[in-house]
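One point on numbering: in this note's numbering, the residue at position 480 of the sequence shown is 495, and numbering is uninterrupted.
One structure is given below, encoded as structure tokens.
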Amino acid sequence: MQKRVNQEGEFTGERARHRVLICDSNSRALGGWTKTQTLGNLAPARGSGAIYTLLLLLVVSCTLATAARNNFLRHDDALRKGCTWTGAVLEVSQEKRSDELQCKIKTITKTESLLANISSYQIDRIKSLKLECNDIMFFESSLESTTTPGNFLGNLNSLLRLSIEYCKIKYIPAMAFSNMKVLKSLTLSTHNIDWSVMNLELHPDSFRGLTELKEIHLADNNIWSLPNEVFCPLYTLKVLNLTGNRLSDISQLGLSDWGKGPIAPGKACNTGLEVLDLSGNDVTLMPDNGLSALRSLNALYLQNNLVKEIADRAFVGLGTLEILNLSNNKLTALTPELFQSSRKIRQVHLQNNSLSVLAPGVFEGLDRLETLDLSRNQLTSTWIKRDTFAGQVRLVVLNLGYNHLSKVDQHVFKGLYSLQILNLEHNAIELVADGAFSDLKNLHALFLSHNRLRQIEPYHFSELYVLNQLILESNQIVYIHERAFENLTHLHDLSLNDNRLEEIPSGMKSLKFLQSLDLGKNQITEINNSSFEGLEELMGLRLVDNQITEISRDTFFALSTIHVLNLASNRIRHVDQSAFSSNPTLRAIRLDNNELEDVAGVFTSLSSLVYLNISDNNIGWFDYSHYPQSLEWLDIHKNNISELGNRYDVGNWFQLKMLDVSHNRIKHINTSSFPKNIETLLLNNNQIEEIAPETFAGKENLVKVVLYGNHLRRLEMPSLALTLVPDTRTMPEFYIGDNLIHCDCSMEWLQRINELSYLRQYPQVKDLDSVMCTMEHERGELVRPLTEMKASEFLCKYESHCFATCHCCDFDACDCKMTCPDRCSCYHDTAWESNIVDCGSAGLTTIPSKIPMDATDIYLDGNNFGQLESHVFIGKKKLKSLYLNNSHIDELNNKTFGGIPALTVLHLEGNGLERISGAEFEQLRELKELYLDHNAIEAIGNKSFYYQKSLEVLTMADNRLAELKPWELMPPGGTFRLISLSGNKLSCGCESIGKLVDWAERQFNETNGLSEFQCTNNKLVKDAIKEYYLPLLIAVLAGLVLTILLVTLVFIFRNDFCLWAHSRYGVRICKDPLSAMERCEDNEKLYDGYLIYSSADADMGAADASRKLILFISVKFLQFEWSQAEFRAGLQSVLELIRPSRRRQKLILITSVPQSMLSMDPIMDILTRTCTVIAWDDRRFWDKLRFAMPDIGKNSPVNKAPHRKAINIRYTPAPTNPSAPPPPPHLAQAAQLGAELWLRLVRIVGAFV
């Protein structure tokens, strides 16, 4: 072990081990060795085996230790389901980012158990916690700790940010968050406002202990009121958010220190508040000095309230206020002194009120105001005048839109040198005075849309040198002076949409920097090459909805930089081929909804064109060579195009990605119909009948093809084939619904096309469930959904066929060639598992002899066979359905159906059969459906259906059967899906009716299934059943009525019944509705009852130790004891300890006075209605009293108490005055009566003990 390890260093074996093996503490043991640490460099020495062993042990140990650590870390980072770690920005704590734990829980009560299962390492990581409760169901939550009261989330002492969302909390108890000493931000949003019956209530000390809190958000909690000084413990509070509640009185916040004025100021809290949000409440009034203590307030949000009035001194004290939002209220006027104390305001939002009056000088002195929004009010030009905005030298944005202004005076905007945006839209402005905007030298955007301007004069905008955007749409402009825009040298955007212009205004020639011009929805009829002279920088031109009929050569010659041209919805019939030759920069053109018939050569010179819409025209000829190769989006829907021409094969170089040719007349498409780069094809609502094979092959970028609403009848599988789609791309989507496909045997693949996605060569048909099919064999439904068809229903017609193993098809034989009989049609599916022979209504008199042996369905209905001989179907071992209905068959041979053992459906209805002997169907053991209705059958053998154990449908309606006993005909244990016996007569005798009913219940699960049948005596079966069961039904009903009557009587007289049972048998049926805990506490009471009747003592302490409290009320008691205030107060204090819901079980009133006398006293009236009352003169007084007293069990602790050995008769007299004279005789009589009653009560109690 002391040998040298290598030549570079002198290390002993022990040191070498530390040198050789290095463990990475973060993830794994490093398996690499340094140059001087390879095993190859270890010199052989004595004990080298031990060295290798030790090295191996070290490797294993390090690996295990690292794996254990990794496992610990993974376990430590693991969280319960519903919780995730995210990064949170803690602005209030001035930390960039920290770990935030987000948990979705059922109720807030689950939080403690959730956090109890995470480690201390994770607890230390949590600086921000977000809890979100389940909002789908109503689960009430509580902030009370389930372990330690008042210690909610007690282990999160270092939490900086807490957010609680959607938890239905009704109450925040005192000091609910007191353990979170360093909490900076608290958000509690219960969204109780979504549950109108639930509101949040606060304790005055709810937030006590949060001395470091800077932000509190209590939005959407349905708070109606706030306790006094509830936010006072929050000394460092900067942001208070109470939006979305029901607060109506702003004085509840305690943010006013005005008191009785400067001489006697009041006390206020939270004077350092910077942001106050009261939006979305029910505040109706802003009182004087209501927020006077907020001398540091920067932003006040009062939007979406019901504010109708703001007092003159409402904002006194708000000297630092910068943002005021009073929008969406009910203000009608503003007082002139409103902003006298708030000169630093930068933003005022008053939109969407009912302001109709602005006092002169209301905004005077607000020399820092930058944004003023007065839109959506009822202001008129009478109140918007020269002094309204006087002194607003820093105003940048002014919004007066949606008011009732009728004119713009000359001096109304005087002095607004900094104004950049002026909005006057949606007014009734008819007149703009000369020089009205002359002082707005810095105006960038002017909105005058939706007014009543008729003409634009030179003086309107003469000095707006930096105006960038001018919106004049939706006026009544018919004339624009040629010098109207002369000084608008920086105008970029001009909108004259929806006016009454008949020509292009000549005054626009001076707008050399104009980039966007909107002249849509006017009455312009003609444009030419001089119409747009001077507009050298124009990039967008909109002329939609005019009366233009022709675009001539070089019409847009002056527009050398035009990018977007919109000429939609005009009456254009012709566009000259050179119309756009001078506009090579055009990228988008709209010519839709015009009257064009030919566009050949019109767009070929536009090498930059990307978007072209020429839909809804009369174009009849299309070829890709007519369009530039740069085109990516082409819309030509709703035209008369019948073919997608591709004369020069543009497939490889054409850049087209989206092609819409829907609503045309296209009938055929093939591989040359679309360019190679196509991505989206809209071909719906054409007349497409054929899709050539490989049509979509080679279209490697294909994403979507819409083919619904065409005339497709057949589709070959190669027609939808694609070039192999890489796994990295999504399979293209095809839509072929609303096509009536003829689903013969060649179309079965279409039903399974979506299952071929693994081949990556066929698209996903997204509307396969809406594809409808017509059937090759037209029996039954003619049209069926493709997805509901079975494989055996995809049929093709044939004349003859051979088995796959047949090698001699020259002769007709049972094991070789199969030929379709004369006058018949034959069909088969793809796998020849379905072979249908249809000889229906062919005029046959005998069964054809050459029916194919592998036939599965044979239709012989509608013929004239008469009698069927034996073995006429022999050898048809695959036959499953045989239709012989309506073929005039009057007799069956016993062996007619021999040799067809697989038959499951047999139709013989509508023939002339008179008798079924019993052996006709003996060999049809697999028969499931048998139709024999509408024959003349008079008799059926008892075992006619005995062997048909699988029979589910049997119809024998409208025959001539009499005395029919269906329970004898049917196979034993069989249950029918459908059975029809109407038109026959059943046996309904006394010996048969019971069996008939039992059989009907087995077959129909009820006897209503026999309602249409008749008995032999011409009575309906249902009437016979009624006669049979009527006596039993009457007896049952009578018993039921008597039972209900007895229960009702017991319920009505339940008190007398309970009293009778207790007095006679000692059984207490009616027990006190006490909970288990209350019953346990009641059993621990020392006394059974406490009787109050005397006036000799004021001590009522024994009442607490008694299970019942007995009060004896007499006339004398009311006159003397009850009239003493001390006695009355003492008794009331005892009664208050008893919950009103438990008085009837706890308190017994014995009365010897009329009820009318008791009702005169309010307290006595309440007691008589809520307590047990027993009249003294009741003849069953002692029974009722004994019943009202508690039972004493053998194991009762009271029974085992020492005092039970010698009962002490103790009573408490009413309080008396020691200096008072001796009681009068009537009091003595009352005391004697009380003593007598008490002695009687003792006897009762003794009897119970």
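We put the CB at the ideal spot given by N, CA and C, even for glycine.
What's the call for residue i, buried or exposed, on a 16-neighbour Cβ count within 10 Å?
i	result
Arg391	buried
Leu389	buried
Trp668	exposed
Val1130	exposed
Gly259	buried
Thr49	The predicted position of Thr49 is uncertain, since its pLDDT is 36 and thus under 50; a value taken from the coordinates is nonetheless stated next. It counts as exposed.
Leu797	exposed
His886	exposed
Val1082	exposed
Ser510	buried
Val1056	exposed
Leu291	buried
Leu533	Note that residue 533 is Asp in the sequence shown here, rather than Leu. With 16 or more other Cβ atoms within 10 Å, it is buried.
Could you please give the first and the last residue of the uninterrupted alpha helix (DSSP H) stretch that includes residue i?
i	result
Met804	No alpha helix (DSSP H) holds Met804; DSSP gives it neither H nor E.
Met195	No alpha helix (DSSP H) contains Met195, which DSSP labels as neither H nor E.
Ile1181	1177-1185
Leu468	Looking at the DSSP string, Leu468 is not in any alpha helix (DSSP H), and its letter there is neither H nor E.
If we call anything under 8 Å between Cβ atoms a contact, is residue i one with residue j?
i	j	result
Asp303	Ala283	no
Ala499	Asn466	no
Val590	Val614	yes
Asn483	Phe462	no
Leu1273	Leu420	For residue 1273 there is no data in the structure shown, the boundaries of the chain being 16 and 1264.
Phe571	Ser597	yes
Asn512	Ile492	no
Leu215	Ile238	yes
His922	Asp876	yes
Phe246	Asn194	no
Leu333	Ser369	no
Phe991	Leu969	yes
Gln562	Gln538	yes
Met673	Glu704	no
What are the boundary residues of the beta strand (DSSP E) that residue i is part of?
i	result
Trp648	648-650
Thr1131	Note that residue 1131 is Lys in the sequence shown, not Thr. Unbroken run through Lys1131 is the alpha helix (DSSP H), 1130-1134; no beta strand (DSSP E).
Lys1161	Taken as a continuous stretch (DSSP letters only), Lys1161 belongs to no beta strand (DSSP E), being part of the alpha helix (DSSP H) at 1158-1161.
Leu907	904-907
Tyr316	314-316
Thr970	968-970
Ser815	815-817
Leu252	Neither: Leu252 is in no beta strand (DSSP E) and is coded neither H nor E.
DSSP three-state label for residue i, please.
i	result
Gly1249	Annotation note: pLDDT 47 at Gly1249 (below 50); position unreliable, coordinate value reported separately. Helix.
Met868	coil
Asn769	helix
Gln425	coil
Val852	strand
Asn502	coil
Glu1141	helix
Trp1075	helix
Thr745	coil
Ser620	coil
His922	strand
Glu763	helix
Gln1147	helix
List the DSSP bridge partners of residue i.
i	result
Met790	Cys758
Cys118	Cys98, Leu146
Val363	Leu339, Leu387
Gln779	Glu748
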